[in-house]
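Asks:
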Amino acid sequence: MNWIILSLIYALTNAFYTTYNDKRNFNGYVLGIWRGFGISLFVLPLFITLPSLELPSSYFLILILQGLMIGVYDSHIFFASAKFGGHASSGFMAITVLLTVFLWWTIDFNELAALFKNPPYLITLMLILSGFSISYWQMMKVHVSKQAESYLYPAVFALALMSIATRYIALHGGSAYAGVVWYLSVSCFVSGLYNTVMFIFTPLTSNTPQTHHPKLKALIAPFFKGQGFWLIALSITLITAKTLALRLAQNPGYVIALLLTSPLISDSIEKKQIHLTPASLLTLMFLILLLLLVS
């Protein structure tokens, strides 16, 4: 039950996160820089509270790879949110649930072997996951252009791989608390480095106002009105809830299924009312069935 509550907190914070750049229209790499370095600097003092534990080099390799995937995912989501809208970006993520589940099964053969010993359970699970993904796609009424589709595919794969890597980081950091601190400090710092390199070597878009030192102006833009600090606080909450949920859940794909309720939450907040269509009711029904099956 705890992983469900944490996943819902993850979904709630993600609802704000994925639509953060809808109207602000900041440079995606700049937001990645603020998020990455801001989080790592904020949690740096927590290192002194970690127990002395010798971690394998593979753990730090996963932390670094996670940081690179965060960099890819964050920048793509922020740019896509500004260019195509957060609604389309969120809707396209429907395929991430099945992708994450299958990827995890290729890693955790014990879970897959146990499922094959219980064919009715496996068939029921696959029907529910497929029904959820199809209903979710219909609920979002996603009409994604070829340009948006090709741009969002890296984010889909990055989210699936990030979820699996996050579970590894959470389980092998020594404790739940240590796993969160390692993630927030090392992986987020690496994501900040990735976005810095991309920001330096990627030309600004043509609609950027022509001013002296345009990149410097773009870099400090989130500072005004506290937008950068708001993003950092939101991201720390999101990552902490996500890491703990993925540590407790049986399969990372189940957490992603709950994560995809974010558009329903963001729409309800924006419109200040809950509007349920037949497709959204089906989506919620399949989600409830999934939770009943795996809990």
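The sequence shown begins at 1304 in this note's numbering and counts up one residue at a time. Note that CB positions come from ideal geometry on N, CA and C, so glycine has one too. Remember, it's a predicted structure, so these values are computed and weren't measured experimentally.
(1) When the Cβ atoms of the stretch 1582-1591 are set against those of the stretch 1411-1425, are three or more pairs found closer than 8 Å?
(2) Measuring only the C-alpha atoms, how far is Thr1580 from Ser1453?
(3) Which term fits Asn1305, buried or exposed, when burial requires 16 or more other beta carbons within 10 angstroms of its beta carbon?
(4) Can you tell me the Cα-Cα spacing of Leu1534 and Leu1455, whole angstroms?
(5) Thinking Tyr1313 and Leu1562 are a contact (beta carbons under 8 Å), I'd like their distance in whole angstroms, please.
(6) Between the alpha carbons of Ile1523 and Leu1366, how many angstroms are there, rounded?
(7) Taking all protein chains shown into account, do 16 or more other C-beta atoms lie within 10 angstroms of the C-beta of Gln1553, making it buried, or fewer, making it exposed?
(8) Would you report the Cα separation of Tyr1320 and Ala1458, rounded to the nearest angstrom?
(9) Mark Val1558 as exposed unless 16 or more other C-beta atoms lie within 10 angstroms of its C-beta, in which case mark it buried.
(10) So does the stretch 1355-1372 actually touch the stretch 1428-1439, counting three or more Cβ pairs closer than 8 Å?
(11) Locate the alpha helix (DSSP H) running through Leu1581, then write down its first and last residues.
(12) Which one of Cys1491, Leu1590, Asn1498 and Pro1525 has the shortest CA to CA distance from Leu1541?
(13) What does the Cβ neighbour count give for Leu1348, buried or exposed, with the cut at 16 atoms within 10 Å?
(14) Tell me the rounded alpha-carbon separation between Ser1355 and Tyr1486.
(15) Do the CB positions of Gly1495 and Phe1340 come within less than 9 Å of each other?
(16) Within its chain, find whatever has a CB closer than 7 Å to the CB of Met1501; leave out the 5 residues flanking it on each side and keep chain order.
(17) Are the Cβ atoms of Arg1470 and Trp1407 separated by less than 9 Å?
(18) Taking the straight line between their C-alpha atoms, what separation do you get for Gly1482 and Leu1401?
(19) Can you tell me whether DSSP reads Leu1356 as helix, strand or coil?
(20) Check each candidate in Ser1478, Phe1589, Ile1467 and Lys1518 and name the one with the smallest Cα separation from Met1442.
(21) For Lys1545, which residues in the same chain have their Cβ closer than 6 Å to its Cβ, ignoring the five residues on either side in sequence?
(22) Let's test the definition: count the other Cβ atoms within 10 Å of the Cβ of Ala1416 and tell me whether it reaches 16, buried, or not, exposed.
(23) Roughly how many angstroms separate the alpha carbons of Ile1539 and Ile1342, rounded to a whole number?
(24) Just to confirm my understanding: we take Ser1310, look at its own chain, exclude 5 residues before and 5 after, and list those with CB closer than 6 Å. What are they?
Replies: Straight from the coordinates:
(1) no
(2) Within the sequence shown, numbered from 1, the residue matching residue 1580 stands at position 277. Within the sequence shown, numbered from 1, the residue matching residue 1453 stands at position 150. Near 28 Å, if we compare the C-alpha coordinates of Ser1453 and Thr1580.
(3) Counting from 1 along the sequence shown, the entry for residue 1305 is found at position 2. Exposed, since its Cβ has fewer than 16 Cβ neighbours within 10 Å.
(4) The sequence position of residue 1534 within the sequence shown is 231, counting from 1. The sequence position of residue 1455 within the sequence shown is 152, counting from 1. Going by the C-alpha atoms only, they are around 22 Å apart.
(5) If you number the sequence shown from 1, residue 1313 lands on position 10. If you number the sequence shown from 1, residue 1562 lands on position 259. 6 Å between Cβ atoms; contact.
(6) To locate residue 1523, count along the sequence shown from 1; it is residue 220. To locate residue 1366, count along the sequence shown from 1; it is residue 63. Approximately 28 Å, taken between the alpha carbons.
(7) The residue given as residue 1553 occupies position 250 in the sequence shown. Looking at its Cβ environment, which holds fewer than 16 other Cβ atoms inside 10 Å, Gln1553 is exposed.
(8) Against the sequence shown, residue 1320 aligns to sequence position 17. Against the sequence shown, residue 1458 aligns to sequence position 155. Approximately 15 Å, taken between the alpha carbons.
(9) For the purposes of this step, residue 1558 is identified with residue 255 of the sequence shown, where counting begins at 1. Counting Cβ neighbours within 10 Å, Val1558 comes out buried, since at least 16 surround it.
(10) no
(11) The residue you call residue 1581 lines up with position 278 of the sequence shown. Before going on, a small fix: residue 1581 reads as Pro here, not Leu. That run of the alpha helix (DSSP H) goes Pro1581 to Val1597.
(12) Reading the sequence shown from its first residue, position 238 is the one you call residue 1541. Out of Cys1491, Leu1590, Asn1498 and Pro1525, Cys1491 has the C-alpha closest to the C-alpha of Leu1541.
(13) The residue you call residue 1348 lines up with position 45 of the sequence shown. As written in the sequence, residue 1348 is Pro, which differs from the Leu given in the question. With fewer than 16 Cβ atoms within 10 Å of its Cβ, Pro1348 is classed as exposed.
(14) Residue mapping note: residue 1355 aligns to position 52 of the sequence shown, counting from 1. Residue mapping note: residue 1486 aligns to position 183 of the sequence shown, counting from 1. Computed Cα separation, rounded: 17 Å.
(15) Here residue 1495 refers to the residue found at position 192 of the sequence shown. Here residue 1340 refers to the residue found at position 37 of the sequence shown. Contact flag set, yes.
(16) Position 198 of the sequence shown, counted from the first residue, corresponds to residue 1501. For Met1501, where only same-chain residues beyond five positions count, the Cβ hits under 7 Å are Tyr1332 and Ser1378.
(17) In the sequence shown, residue 1470 corresponds to position 167, counting from 1. In the sequence shown, residue 1407 corresponds to position 104, counting from 1. The answer is yes: Cβ separation under 9 Å.
(18) Here residue 1482 is taken as the residue at index 179 of the sequence shown, counted from 1. Here residue 1401 is taken as the residue at index 98 of the sequence shown, counted from 1. Near 26 Å, if we compare the C-alpha coordinates of Leu1401 and Gly1482.
(19) If you number the sequence shown from 1, residue 1356 lands on position 53. Here Leu1356 sits in coil by DSSP.
(20) The sequence position of residue 1442 within the sequence shown is 139, counting from 1. Checking every option, the nearest Cα to that of Met1442 belongs to Phe1589.
(21) Against the sequence shown, residue 1545 aligns to sequence position 242. Within the same chain, Lys1545 has close Cβ partners Tyr1313.
(22) Numbered from its first residue, the sequence shown carries residue 1416 at position 113. Under this definition Ala1416 is an exposed residue.
(23) For this step, residue 1539 is matched to residue 236 along the sequence shown. For this step, residue 1342 is matched to residue 39 along the sequence shown. Cα-Cα distance, rounded: 7 Å.
(24) For the purposes of this step, residue 1310 is taken as residue 7 along the sequence shown, with counting starting at 1. Cβ neighbours of Ser1310 beyond the five flanking positions: Ala1548, Val1558 and Leu1561.
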